[in-house]
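Comments concern the structure below.
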Amino acid sequence: MAGLSLPNLLLQVALPSAARPAVVAVGVMYFAVVVAISVWAARRTRTASDFFVAGKGIGLVALTVASVSVSVSGFAFIGGPGFIYAVGLGAMYIVLPAAVTNVMGAWVLAKRMRLLGEARNLITVPDAIGARYRSRAAQGLAAIAMLVGIVGYMATNALAMGVVINSIFGVGLGWGIWIGMGVTLAYSASGGILAGIYNDVFQGTLMAIASVLVFLFVLGFGGGLGEISRTILVHDPTFLGPWGKLTPLAALSFFFVFSMGSLGQPQAVHKYYMLRDPLQLKWYPLLKTLGLVLVLLLYFSVGVGVKAFVMSGRLPPLASPDQATPSLLLNVTPIILAALVFSGVAAATMSAANSFINIGAAIVTHDLPVAFGRRVKDELRWGRAMTILIAVAAAITAQRSGTMVAFLGIFGWGLFASTLVPALAVGLNWQGATREGAIASILTGLVITLALETAAYVKAFRFPAGVTASAVAMVSSFLVFFLVSWLTRRTAQAAIDPDVRLVMEL
Amino acid sequence: MILGAARGRMGIGPLKYPFAFVVAVLAVGFCAALALPATESPLSKLWLGLPARAAIVIYGIGLLPIIVLPVAYALTFETQTLSAEDVERVRELARDSRVRSQDQTS
Chain A
14 MAGLSLPNLL
24 LQVALPSAAR
34 PAVVAVGVMY
44 FAVVVAISVW
54 AARRTRTASD
64 FFVAGKGIGL
74 VALTVASVSV
84 SVSGFAFIGG
94 PGFIYAVGLG
104 AMYIVLPAAV
114 TNVMGAWVLA
124 KRMRLLGEAR
134 NLITVPDAIG
144 ARYRSRAAQG
154 LAAIAMLVGI
164 VGYMATNALA
174 MGVVINSIFG
184 VGLGWGIWIG
194 MGVTLAYSAS
204 GGILAGIYND
214 VFQGTLMAIA
224 SVLVFLFVLG
234 FGGGLGEISR
244 TILVHDPTFL
254 GPWGKLTPLA
264 ALSFFFVFSM
274 GSLGQPQAVH
284 KYYMLRDPLQ
294 LKWYPLLKTL
304 GLVLVLLLYF
314 SVGVGVKAFV
324 MSGRLPPLAS
334 PDQATPSLLL
344 NVTPIILAAL
354 VFSGVAAATM
364 SAANSFINIG
374 AAIVTHDLPV
384 AFGRRVKDEL
394 RWGRAMTILI
404 AVAAAITAQR
414 SGTMVAFLGI
424 FGWGLFASTL
434 VPALAVGLNW
444 QGATREGAIA
454 SILTGLVITL
464 ALETAAYVKA
474 FRFPAGVTAS
484 AVAMVSSFLV
494 FFLVSWLTRR
504 TAQAAIDPDV
514 RLVMEL
Chain B
20 MILGAARGRM
30 GIGPLKYPFA
40 FVVAVLAVGF
50 CAALALPATE
60 SPLSKLWLGL
70 PARAAIVIYG
80 IGLLPIIVLP
90 VAYALTFETQ
100 TLSAEDVERV
110 RELARDSRVR
120 SQDQTS
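Those sequence lines, one after another, are chains A and B.
Per the numbering used here, the very first residue in the first sequence carries number 14; after that it's consecutive.
Per the numbering used here, the very first residue in the second sequence carries number 20; after that it's consecutive.
Okay, structure coming up:
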């Protein structure tokens with residue numbers, strides 16, 4: 014591949030219409046459950062802590078399912094299988110790091126974030142950066158970087174919601190976006206993250222069930238994985254090579270970016286604060302990894318299965334790789350399974366959108382005022398107001414061209430990775446890190462991601478094979494973080510408060 | 020990961036075995052995928068439904084660490100990651116800090 018960018022992490026394409034009675038009925042039931050959960054959660058949301066971190070009262074299973082749900086987005090069900098269909102097993106390098114990243118996140122971030130929440134009553138990710146470096150500037154800068162990323166990511170999620178809802182109900186893309194964002198906004202603004210978490214539990218369960226059923230269906234329809242592989246090997250052996258149609262460097266670049274970058278995704282990191290008892294973290298990595306494996310069964314089976322079915326003539330050729338899942342669902346699976354998966358995709362996009370709306374609202378009402386030495390008096394009321402503003406802005410942005418919105422989504426993911434991983438993931442584990450190093454690395458990640466992704470978007474620059482803007486930005490951010498921390502190392506120890514030091518030493 | 024799992028003078032303690040195992044699995048897996056000849060064909064022997072090199076990637080690199088690392092994390096959690104005493108120390112320090120800041124305010 015001459016040039017390589019991160020694959021489209023979210024759903025951008027127009028899906029074929031799935032507006033059949035069974036699909037519409039399951040879709041309506043899905044929305045009814047979401048509304049019921051939201052009403053229940055709204056009655057229990059009374060403080061800013063309830064709104065932003067669910068009162069730190071979420072149990073292990075709920076937190077794990079919610080975390081799985083927000084981690085995958087619609088990409089796991091539509092874009093991911095399409096990516097496998099296009100490039101073969103090389104696309105698996107996006108999800109293979111899950112074997113390591115969940116437990117790495119637990120060791121590197123979960124314990125320290127949760128204990129910092131215990132010691133300081135923190136409620137946001139930039140809060141942790143501010144506490145670690147005793148720096149309002151670092152907290153504010155991290156908040157700005159996250160906000161820029163959230164705007165892009167939210168627009169992509171809003172578009173994805175519009176695409177799915179249009180496919181299920183046939184209401185048109187514009188109305189699909191407003192309906193999806195309207196429902197998400199309703200539960201985000203009323204019940205905050207509490208509504209989000211319990212909707213995530215419902216949505217994650219739905220996604221896992223749909224994924225397992227589709228996996229079993231594909232194996233049954235194809236006569237087992239061996240038969241599916243034999244069909245592909247007859248027509249295109251490279252597809253089942255260890256790198257698929259990617260170069261080894263490109264595949265390994267994906268492995269690096271997605272293993273390290275996952276540590277900086279705020280929608281997952283933020284959830285560590287919400288666990289009721291820090292000791293419940295014991296089973297978190299195992300449960301989350303198993304949950305992800307279940308949800309990703311569809312990713313693998315549909316990508317590989319549809320390739321074989323098209324090659325053997327059992328499915329018509331696809332108009333584009335992203336049609337892999339819809340083509341399978343609408344042509345060969347029982348309609349009730351198709352209905353479950355379409356609702357699962359809607360669930361995935363709404364779940365991610367809710368998390369980002371909540372995190373964005375917390376940044377505007379909490380982190381930015383703190384960075385300027387002020388506190389908002391009624392964070393709950395302002396949090397609700399900001400939730401509405403962010404959702405409406407995302408819906409309006411999503412009405413723009415799909416290419417533009419796709420660019421924003423890719424930009425957002427890379428930005429979280431390059432700005433948060435060194436300062437947060439390394440900074441919470443290395444007492445030699447300094448606030449100057451953190452500020453410099455966040456700035457570096459922000460500027461390089463913005464410059465490279467924009468240059469690639471306007472085609473002013475083309476990356477060599479196997480190189481991604483996110484990887485370059487993340488490596489640069491790491492280098493700057495270590496270099497500046499080393500240059501300013503005299504201030505390192507003095508800038509850590511005793512409670513933060515204890516959390517870092519445990 | 021080692022940075023996060025290390026605990027004071029104890030270092031990573033018993034976790035060195037699962038860590039070494041996973042590093043070895045990843046290194047051997049990637050090297051094998053690179054070094055083995057590309058012999059995928061309709062006549063290839065399949066390993067759990069996949070050609071050899073693909074099976075190494077999916078089952079070796081993808082699935083083996085899933086079993087080893089989270090289980091190692093859970094089994095060493097109290098000694099290596101977090102104990103009830105650790106949590107209590109943090110809570111106690113937080114209580115002291117609040118009392119001190121209230122005293123300073125008043």
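Glycine is no exception: its CB is placed at the ideal position from the N, C-alpha and C atoms.
Check: In chain A, which residues lie with their C-beta within 8 Å of the C-beta of residue 93 of chain B?
Finding: Here residue 93 of chain B corresponds to residue number 74 of the second sequence, with the count starting at 1. Ordered by position in chain A, the residues that pass the 8 Å Cβ test against residue 93 of chain B are 295, 296, 298, 299.
Next item on the list: Note down the Cα distance separating residue 454 of chain A from residue 53 of chain A, rounded to an integer number of angstroms.
Entry: As a first step, residue 454 of chain A is located in the first sequence; it is residue number 441 there, counting from the start. As a first step, residue 53 of chain A is located in the first sequence; it is residue number 40 there, counting from the start. Going from the Cα of residue 454 of chain A to the Cα of residue 53 of chain A covers about 42 Å.
Check: By Cβ distance, which residues of its chain are closer than 6 Å to residue 432 of chain A, with the 5 residues on each side in sequence left out?
Finding: Translated into positions along the first sequence, residue 432 of chain A becomes position 419. Leaving aside the five residues that flank residue 432 of chain A on each side, the residues in its chain whose CB is nearer than 6 Å to its CB run, in chain order, 158, 455, 458, 459.
Next item on the list: Assess, as a yes-or-no matter, whether the segment 390–398 of chain A is touched by the segment 366–382 of chain A under the definition of 3 or more beta carbon pairs within less than 8 Å.
Entry: As far as the Cβ criterion goes, the segment 366–382 of chain A touches the segment 390–398 of chain A, which means the pair count is three or higher.
Next item on the list: Starting from the beta carbon of residue 76 of chain B, find every residue of chain A whose beta carbon is closer than 8 Å, and list them in chain order.
Entry: Here residue 76 of chain B refers to the residue found at position 57 when the second sequence is read from its first residue. Per Cβ cutoff of 8 Å: 102, 105, 109, 255.
Notebook entry, point to check: For residue 36 of chain B, which residues from the same chain have a beta carbon less than 7 Å from its beta carbon, with the 5 sequence-adjacent residues on both sides left out?
Noted result: Along the second sequence, one-based indexing puts residue 36 of chain B at 17. Excluding residues within five positions, none has a Cβ falling inside 7 Å.
Check: Just how far apart, CA to CA, sit residue 72 of chain A and residue 32 of chain A?
Finding: Your numbering for residue 72 of chain A matches position 59 in the first sequence. Your numbering for residue 32 of chain A matches position 19 in the first sequence. So the alpha carbons of these two residues sit roughly 37 Å apart.
Margin query: How far does the alpha helix (DSSP H) with residue 248 of chain A in it extend, from its first residue to its last?
Written below: Along the first sequence, one-based indexing puts residue 248 of chain A at 235. Looking at the DSSP string, the run of the alpha helix (DSSP H) that includes residue 248 of chain A is 238–248.
Note to self: DSSP three-state label for residue 135 of chain A, please.
What the structure shows: Taking the first sequence and counting its residues from 1, one reaches residue 135 of chain A at position 122. Judged by DSSP in its simplified three-state form, residue 135 of chain A adopts coil rather than helix or strand.
Notebook entry, point to check: Got a sec: is the Cβ-Cβ distance from residue 63 of chain B to anything in chain A below 8 Å?
Noted result: Position 44 of the second sequence, counting from 1, holds the residue named residue 63 of chain B. At a cut-off of 8 Å between C-beta atoms, residue 63 of chain B counts as an interface residue with respect to chain A.
Check: From residue 78 of chain A to residue 300 of chain A, what distance separates their C-alpha atoms?
Finding: Walking along the first sequence from the start, residue 78 of chain A turns up at place 65. Walking along the first sequence from the start, residue 300 of chain A turns up at place 287. Cα to Cα, the separation comes out at about 8 Å.
Next item on the list: Would you please verify whether the beta carbon of residue 20 of chain B is less than 8 Å from any beta carbon of chain A?
Entry: Here residue 20 of chain B refers to the residue found at position 1 when the second sequence is read from its first residue. Yes, residue 20 of chain B counts as interfacial toward chain A.
Item checked: Chain-ordered chain A contacts of residue 59 of chain B [CB-CB under 8 Å] -> Here residue 59 of chain B refers to the residue found at position 40 when the second sequence is read from its first residue. In chain order: 246, 250, 251, 253, 254.
Notebook entry, point to check: Does the distance from the CB of residue 91 of chain A to the CB of residue 485 of chain A come in under 8 Å?
Noted result: As a position in the first sequence, residue 91 of chain A is number 78, starting the count at 1. As a position in the first sequence, residue 485 of chain A is number 472, starting the count at 1. Taking 8 Å as the Cβ cut-off, residue 91 of chain A and residue 485 of chain A do not qualify as a contacting pair.
Next item on the list: Have a look at residue 212 of chain A and residue 115 of chain A and give me their C-alpha separation to the nearest angstrom.
Entry: Position 199 of the first sequence, counting from 1, holds the residue named residue 212 of chain A. Position 102 of the first sequence, counting from 1, holds the residue named residue 115 of chain A. Roughly 22 Å separates the two Cα atoms.
Notebook entry, point to check: For residue 151 of chain A versus residue 142 of chain A, is the C-beta distance shorter than 8 Å?
Noted result: If you number the first sequence from 1, residue 151 of chain A lands on position 138. If you number the first sequence from 1, residue 142 of chain A lands on position 129. In contact: residue 151 of chain A and residue 142 of chain A (Cβ atoms closer than 8 Å).
Checklist line | Chain-order list of residues whose beta-carbon lies under 7 Å from that of residue 14 of chain A (same chain, five-residue window excluded) | finding: If you number the first sequence from 1, residue 14 of chain A lands on position 1. Any reading at residue 14 of chain A needs caution, since the residue's pLDDT is 37, under 50, leaving its predicted position unreliable; the model's value is listed next. Within its own chain, the residues whose Cβ lies closer than 7 Å to the Cβ of residue 14 of chain A, once the five positions on either side in sequence are excluded, are 259, 260, 263, 478, listed in chain order.
Check: Rounded to whole angstroms, how far is the Cβ of residue 163 of chain A from the Cβ of residue 425 of chain A, which I believe are closer than 8 Å?
Finding: Indexing the first sequence from 1 puts residue 163 of chain A at position 150. Indexing the first sequence from 1 puts residue 425 of chain A at position 412. Correct: roughly 7 Å between the Cβ atoms.
Next item on the list: Return the chain-ordered list of same chain residues with a C-beta closer than 7 Å to the C-beta of residue 244 of chain A, the five sequence neighbours on each side being excluded.
Entry: As a position in the first sequence, residue 244 of chain A is number 231, starting the count at 1. Within the same chain, and ignoring the five residues on either side of residue 244 of chain A in sequence, the residues whose Cβ sits closer than 7 Å to its Cβ are 321, 324, 325.
Next item on the list: Return yes when the Cβ of residue 273 of chain A is within less than 8 Å of the Cβ of residue 430 of chain A, no when it is not.
Entry: If you number the first sequence from 1, residue 430 of chain A lands on position 417. If you number the first sequence from 1, residue 273 of chain A lands on position 260. Yes. Within cutoff.
Check: Considering only C-alpha positions, which residue in the set A:177, A:251, A:368, A:319 is nearest to residue 7 of chain A?
Finding: Limits of chain A in this structure are 14 at one end and 519 at the other, which puts residue 7 of chain A out of reach.
Next item on the list: Ignore the nearest five residues each way along the sequence and tell me which others in residue 253 of chain A's own chain have a CB closer than 7 Å to its CB.
Entry: One-based indexing of the first sequence puts residue 253 of chain A at position 240. In its chain, beyond the 5 residues on either side, 101, 102, 242, 245, 246 have a beta carbon closer than 7 Å to the beta carbon of residue 253 of chain A.
Item checked: Pick from A:74, A:107, A:34, A:39 that is closest to residue 312 of chain A, judged by C-alpha positions -> Reading the first sequence from its first residue, position 299 is the one you call residue 312 of chain A. Closest by alpha carbon: A:107.
Check: What does a CB cutoff of less than 7 Å around residue 335 of chain A pick up in its chain, not counting 5 residues either side in sequence?
Finding: Stepping through the first sequence from its first residue, residue 335 of chain A is reached at position 322. Within the same chain, residue 335 of chain A has close Cβ partners 26, 91, 92, 95.
Notebook entry, point to check: Could one say the Cβ of residue 36 of chain B lies closer than 8 Å to chain A's Cβ atoms, at least one of them?
Noted result: In the second sequence, counting from the first residue as 1, residue 36 of chain B sits at position 17. It does not: the Cβ of residue 36 of chain B has no partner Cβ on chain A nearer than 8 Å.
Next item on the list: Out of A:468, A:505, A:342, A:404, point me to the one whose CA is closest to residue 165 of chain A's CA.
Entry: The residue you call residue 165 of chain A lines up with position 152 of the first sequence. Of the candidates A:468, A:505, A:342, A:404, the one whose C-alpha sits nearest the C-alpha of residue 165 of chain A is A:404.
Item checked: Member of A:439, A:276, A:232 whose CA lies at the smallest distance from the CA of residue 492 of chain A -> For the purposes of this step, residue 492 of chain A is taken as residue 479 along the first sequence, with counting starting at 1. Considering only A:439, A:276, A:232, the residue with the shortest C-alpha distance to residue 492 of chain A is A:439.
Checklist line | Length-filtered (4 minimum) alpha helix (DSSP H) runs lying within the segment 329–379 of chain A | finding: Fully enclosed alpha helix (DSSP H) runs of 4 or longer: 337–344, 348–375.
Checklist line | Proximity of residue 25 of chain B and residue 31 of chain B at Cβ, strictly below 8 Å | finding: Mapped onto the second sequence, residue 25 of chain B falls at position 6. Mapped onto the second sequence, residue 31 of chain B falls at position 12. Yes; because the gap between Cβ atoms is below 8 Å, this pair is in contact.
Item checked: residue 63 of chain A, buried or exposed, once every other Cβ within 10 Å from all chains shown has been counted against 16 -> Reading the first sequence from its first residue, position 50 is the one you call residue 63 of chain A. Under this definition residue 63 of chain A is a buried residue.
Next item on the list: Compute the Euclidean distance between the alpha carbons of residue 443 of chain A and residue 48 of chain A, then round it to the nearest angstrom.
Entry: By one-based count along the first sequence, residue 443 of chain A stands at place 430. By one-based count along the first sequence, residue 48 of chain A stands at place 35. Computed Cα separation, rounded: 44 Å.
Check: Between residue 89 of chain B and chain A, is there a C-beta pair that is closer than 8 Å?
Finding: Within the second sequence, numbered from 1, the residue matching residue 89 of chain B stands at position 70. With respect to chain A, the C-beta atom of residue 89 of chain B has a partner C-beta closer than 8 Å.
Note to self: To test your reading of the DSSP string, which unbroken alpha helix (DSSP H) runs of 4 or more residues are found completely within the segment 431–484 of chain A?
What the structure shows: List check, alpha helix (DSSP H) in window: 448–470.
Checklist line | Residues that DSSP places opposite residue 69 of chain B in a beta bridge | finding: Taking the first residue of the second sequence as 1, we reach residue 69 of chain B at position 50. When beta bridges are read from the DSSP output, residue 69 of chain B appears opposite B:66.
Next item on the list: Can you pull the chain C residues whose beta carbon is under 7 Å from the beta carbon of residue 292 of chain A, in chain order?
Entry: In the displayed structure, chain C is absent; the protein chains listed are A and B.
Margin query: Taking a contact to mean a Cβ-Cβ separation below 8 Å, would you say residue 147 of chain A touches residue 510 of chain A in this structure?
Written below: Position 134 of the first sequence, counted from the start, is the residue given in the question as residue 147 of chain A. Position 497 of the first sequence, counted from the start, is the residue given in the question as residue 510 of chain A. Yes. Within cutoff.
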